[in-house]
Amino acid sequence: MVDSYRETYETSLAHPAAFWLGAAAGVDWSTPPRHALDASRAPLYGWFPDGTLNTCYNALDRHVEAGRGSQDALIYDSAMLGTQRRFTYAELTRLVADFAGVLRDRGVGKGDRIVIYMPMIPEAVIAMLASARLGAVHSVVFGGFAPKELAARIRDAQPVLLVTASGGLEPTRRIEYLPAVAEALALAGVPGLPVIAKAREGFAASAADHGWLDWDTEVAGATPAPPVDVAATDPLYILYTSGTTGTPKGVVRDNGGHAVALDWTLRNIYGAGPGDVMWTASDVGWVVGHSYIVYGPLLAGATSVLYEGKPVGTPDAGAFWRVVRDHRVNVLFTAPTALRAIRKADPEAALLRDYDISSLRTLFTAGERLDTDTFHWASMSLGVPVVDHWWQTETGWAICANPRGLEELPIKAGSPSVPMPGFRLAIVDGLGEEVEPGVEGNIVLKLPLPPGTLTTLWGNDERFVSSYLQAFEGCYATGDSGYRDSDGYVFVMGRTDDIINVAGHRLSTGAMEQVIGQHPAVAECAVIGLADPLKGQRPSGYVVLKSGVDVQDDVLAAELVAMVRRDIGAVADFKHVTVVDALPKTRSGKILRKTMRQIADGVEYTVPSTTEDVGVIEQLIGTLRPEIPESGTLQP
Numbered sequence: 001m002v003d004s005y006r007e008t009y010e011t012s013l014a015h016p017a018a019f020w021l022g023a024a025a026g027v028d029w030s031t032p033p034r035h036a037l038d039a040s041r042a043p044l045y046g047w048f049p050d051g052t053l054n055t056c057y058n059a060l061d062r063h064v065e066a067g068r069g070s071q072d073a074l075i076y077d078s079a080m081l082g083t084q085r086r087f088t089y090a091e092l093t094r095l096v097a098d099f100a101g102v103l104r105d106r107g108v109g110k111g112d113r114i115v116i117y118m119p120m121i122p123e124a125v126i127a128m129l130a131s132a133r134l135g136a137v138h139s140v141v142f143g144g145f146a147p148k149e150l151a152a153r154i155r156d157a158q159p160v161l162l163v164t165a166s167g168g169l170e171p172t173r174r175i176e177y178l179p180a181v182a183e184a185l186a187l188a189g190v191p192g193l194p195v196i197a198k199a200r201e202g203f204a205a206s207a208a209d210h211g212w213l214d215w216d217t218e219v220a221g222a223t224p225a226p227p228v229d230v231a232a233t234d235p236l237y238i239l240y241t242s243g244t245t246g247t248p249k250g251v252v253r254d255n256g257g258h259a260v261a262l263d264w265t266l267r268n269i270y271g272a273g274p275g276d277v278m279w280t281a282s283d284v285g286w287v288v289g290h291s292y293i294v295y296g297p298l299l300a301g302a303t304s305v306l307y308e309g310k311p312v313g314t315p316d317a318g319a320f321w322r323v324v325r326d327h328r329v330n331v332l333f334t335a336p337t338a339l340r341a342i343r344k345a346d347p348e349a350a351l352l353r354d355y356d357i358s359s360l361r362t363l364f365t366a367g368e369r370l371d372t373d374t375f376h377w378a379s380m381s382l383g384v385p386v387v388d389h390w391w392q393t394e395t396g397w398a399i400c401a402n403p404r405g406l407e408e409l410p411i412k413a414g415s416p417s418v419p420m421p422g423f424r425l426a427i428v429d430g431l432g433e434e435v436e437p438g439v440e441g442n443i444v445l446k447l448p449l450p451p452g453t454l455t456t457l458w459g460n461d462e463r464f465v466s467s468y469l470q471a472f473e474g475c476y477a478t479g480d481s482g483y484r485d486s487d488g489y490v491f492v493m494g495r496t497d498d499i500i501n502v503a504g505h506r507l508s509t510g511a512m513e514q515v516i517g518q519h520p521a522v523a524e525c526a527v528i529g530l531a532d533p534l535k536g537q538r539p540s541g542y543v544v545l546k547s548g549v550d551v552q553d554d555v556l557a558a559e560l561v562a563m564v565r566r567d568i569g570a571v572a573d574f575k576h577v578t579v580v581d582a583l584p585k586t587r588s589g590k591i592l593r594k595t596m597r598q599i600a601d602g603v604e605y606t607v608p609s610t611t612e613d614v615g616v617i618e619q620l621i622g623t624l625r626p627e628i629p630e631s632g633t634l635q636p
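So for the sequence shown, full-length UniProt numbering puts the first residue at 1; every next one is plus one.
Here is the structure:
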């Protein structure tokens, strides 16, 4: 019996078809697959091409049919409202079937897209699963995104319907969603798109104000919809990630490979299964929320916690420990940002003493690199293994992890441990040649990628290939750099492009530059990600003014911050702008963002030989190391 990491990993590479067909036995199929990999369209690969199934059935109905309908499937905990609600598998199945009936009666069918723009409430999970039940394709957009960003996703996905709610709750304010949705529909050129809105108390706008459908009214008259069989290779969802050109990239996740991979990871990476409680402290708008708030725990028959709140301020830095205690959480998954926020507010973890967290077995982190100080603080404070693991929106699950359900490998601070089954990871130089252990290079994944990873970009195979598969022949380019040590542990050092990581949110500095460049006073600009002790990175803007412009620096900065907030959203956390005389460039006109970032972070840098004017860099050194006030907290 294969039960160690090394045996499992080597088997997955040597005999991938047998390995993944074996893993597929954990999923209920309408038509069981006889073939694992479809390479007929390489480099666009597909998994389980002859299999059919329904993801929602696997996440809900089959557990009820197995006699576990009375087990909790979802626990909703709103620190914002001070309320909790539990949904058994039987109850959640009924609610999802009812809302699927609403969608079906409004014309939603197999392959149709619906956009979901929701806060962290049970209806968000219900809408996702109802879409899957019909064989439709959902695209969840984080509720904090501005109308312009929502509109871009609507234009690309071309949905037949949009699902939303009155608004979201923050510790100090309420965010109205319905006006933002109306603006986004107008910007996308589809003002008449059908909308279903869940009413929440305390918000000004209502569905009736816009002539939209009310969630509760629709559900009251619904006829439940049964699961619809789809091909394993049919899309389950589209999730948009930042694009360096300013156009979001719609990552496509399939049904079959996704179900097999997430079922496997719950048991083997997280060590969780039926009856266990998993809490992923993220948002359903991000890939982490898709994989490990909604689909992963339910596919494996575990109980998932849906938390509407923050790590601090709702009401204090003991919020996480309260949730662990109240719901007897076994596995907690959060971002390092949340841990840093808790540590900042409660450095001695004094509030932890008020809560019994003995149920907690493991703390997992992802979304950004777990710094060693936070790792040691969390390890000592909680007294449980703290496991960093590394993955991307595109992969859908961990590229590197410490598989606690398979074998409890030693944990190394600063490393997400080792590659997971199916990921043929290599560290290569600029020419694609593998480098020696200890040497930093580009992290690539040799094709084919394992099940559950992206199959393409929505409606754009060509962009999928050009964005990920062309830089290194036969490989998927992760866009990250790093190295392997002599034990085979991977250390991820940072991005190789202009995507920065703000509190676990991947954001494009290029998109921010596009916004800033629209200001009439700005001639050119650069946005770089500065190292931040709390959030990992934070964006900082540097602008060159047009000749003859007379504007106060503080006034300009306030206007630019407002523009970024309007067009990208508060999630960007863009607060710092500096006016400079010039930006350092190569002779071809490329701004030296990496060099600027290195200077600003106070690390060693080398001025490229192609630099047009070294004097510009020398003049910027003082400017690039400003005294910036500490940033606030942001929960992914």
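Beta carbons are placed, not taken as given, at the ideal position from N, Cα and C, and that holds for glycine.
- As for any alpha helix (DSSP H) of minimum length 4 sitting wholly inside the stretch 415 to 447, there is none.
- For the beta strand (DSSP E) assignment, the uninterrupted runs of no fewer than 3 residues enclosed by the stretch 111 to 136 are, from N- to C-terminal side, 113 to 117.
- For ALA523, same chain residues with a beta-carbon under 7 Å away, outside a window of 5 residues either side, are VAL544, LEU545 and LYS546 in chain order.
- Taking a cut-off of 8 Å on C-beta distances, the stretch 454 to 466 does not touch the stretch 484 to 494, as fewer than three cross pairs fall below it.
- Beyond the five residues adjoining it in sequence on each side, ALA182 comes within less than 7 Å, by CB distance, of HIS210 in the same chain, given in chain order.
- Sixteen is the threshold: since fewer than 16 other Cβ atoms of the shown chains lie within 10 Å of the Cβ of HIS376, the residue is exposed.
- Cβ contact annotation for ARG34 (same chain, cutoff 7 Å, sequence separation greater than five): ASP50, in chain order.
- The three-state secondary structure of TRP212, taken from DSSP, is coil.
- The alpha carbon of LEU360 has as its nearest neighbour, out of GLY296, TRP279 and VAL288, the alpha carbon of TRP279.
- Residue range 536 to 545 is occupied by the beta strand (DSSP E) that includes GLN537.
- Comparing alpha carbon positions, the residue from PRO410, MET420, TYR483 and THR478 closest to GLU440 is TYR483.
- In the DSSP assignment, MET278 is bridged to SER304 and VAL331.
- Burial state of HIS15 is exposed, judged by a 10 Å Cβ sphere holding fewer than 16 other Cβ atoms.
- Contact check for ILE399 against LEU445 passes: the beta carbons are separated by less than 8 Å.
- Going by C-alpha positions, VAL549 is about 12 Å away from HIS519.
- The criterion of a C-beta distance shorter than 8 Å is not satisfied by ILE568 and ALA152.
- Put simply, of MET120, THR83, ARG106 and LEU60 the residue whose alpha carbon is nearest the alpha carbon of LEU92 is LEU60.
- Note that the C-beta distance between GLU513 and ALA526 is below 8 Å.
- Rounded to whole angstroms, the separation of the alpha carbons of GLY192 and ASP316 is 43 Å.
- Annotated three-state conformation of ASN460 is coil, per DSSP.
- Counting of Cβ neighbours within 10 angstroms places THR217 among the exposed residues, the total staying below 16.
- For ALA18, the three-state secondary structure derived from DSSP is helix.
- Excluding its 5 nearest sequence neighbours in each direction, VAL329 has C-beta neighbours in its own chain below 7 Å: VAL277, TRP279, VAL305, VAL323, SER359 and LEU360, listed in chain order.
- As computed with DSSP, THR88 is found in a beta bridge with ASP72.
- As far as DSSP is concerned, TYR177 takes part in no beta bridge.
- Note that the C-beta distance between GLY405 and HIS258 is not below 8 Å.
- Annotation note: the stretch 339 to 368 contains the following uninterrupted beta strand (DSSP E) runs of length 3 or greater, listed N- to C-terminal: 362 to 365.
- Taken atom to atom, the span from the alpha-carbon of PRO226 to that of LYS310 is near 36 Å.
- Take GLY296, set aside five residues on each side of it, and the residues of its chain with a beta-carbon closer than 7 Å to its own are LEU262, THR265 and LEU266, in chain order.
- Check the Cα spacing between VAL260 and each of THR314, ALA36, VAL115 and ARG597: the tightest is with ALA36.
- Here TRP47 carries a strand assignment [DSSP, helix/strand/coil].
- Closest option to GLY430, judged by alpha-carbon separation, among ALA231, VAL190, PHE87 and ALA477: ALA477.
- Taken atom to atom, the span from the alpha-carbon of CYS56 to that of PRO274 is near 17 Å.
- Judged by beta-carbon spacing, VAL331 lies beyond the 8 Å limit of ALA378, meaning their Cβ atoms are not closer than that value.
- Shown here for GLY536: same chain residues with a beta carbon closer than 6 Å to its own, the five before and five after excluded, namely GLU368 and ASN501 in chain order.
- DSSP places ILE599 outside any beta strand (DSSP E); the residue lies instead in the alpha helix (DSSP H), whose first and last residues are 593 to 600.
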